[in-house]
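Straight run, no breaks: the sequence shown in the UniProt record's numbering ends on number 107.
Glycine is no exception: its CB is placed at the ideal position from the N, C-alpha and C atoms.
Because the structure is a prediction, the values reported are computed rather than measured.
Accompanying notes for the structure given below.
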Amino acid sequence: MQEHEYHELAENTILAIEEAVENCGVDIDTESGGDILELTFPNNTKMVINKQPPLMQLWVATKFNGHHFEYRDGAWIDNRTGVELWALLNEAGEKQAGEPLNLAPGA
């Protein structure tokens, strides 16, 4: 992947996450700036999603763990666990929010 392709893909993914969170029906505050999106859940726990351009990755820090995602075969995949980005966002987000989430691109 070329560097400009990575930046476009990563930025579009972060925007899609922000839009999905805003439309999910759960009171999660979002704050974005530069290459970082910070989610603050009703219980004041946080999740941070940010670009890592030197590695061409997206990093997600949850209350429970950190994850490094690489774009493979049309999806962002955690290079340690193999979990897909949106699946992790839903699983970790539900734990942090204390209620079900249905985050998906375009949702």
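Delimiting residues of the alpha helix (DSSP H) encompassing residue i
i, result
"I17", "3 to 22"
"K63", "Counting along the chain, K63 falls outside any alpha helix (DSSP H), and DSSP gives it neither H nor E."
"N90", "85 to 97"
C-beta atoms of residue i and residue j nearer than 8 Å
i, j, result
"A20", "P105", "yes"
"N43", "G93", "no"
"Y71", "L15", "no"
"residue 115", "I17", "Residue 115 is absent from the structure shown; the chain starts at 1 and stops at 107."
"I28", "T45", "no"
Counted within 10 angstroms of its Cβ, other Cβ atoms place residue i as buried (16 or more) or exposed
i, result
"K51", "buried"
"H67", "buried"
Boundaries of the beta strand (DSSP E) in which residue i is found, first to last residue
i, result
"N50", "46 to 52"
"A40", "The amino acid at residue 40 is misidentified as Ala; the sequence shows Thr. Where T40 is concerned, the enclosing beta strand (DSSP E) stretches over 36 to 40."
"D78", "75 to 78"
"D29", "29 to 33"
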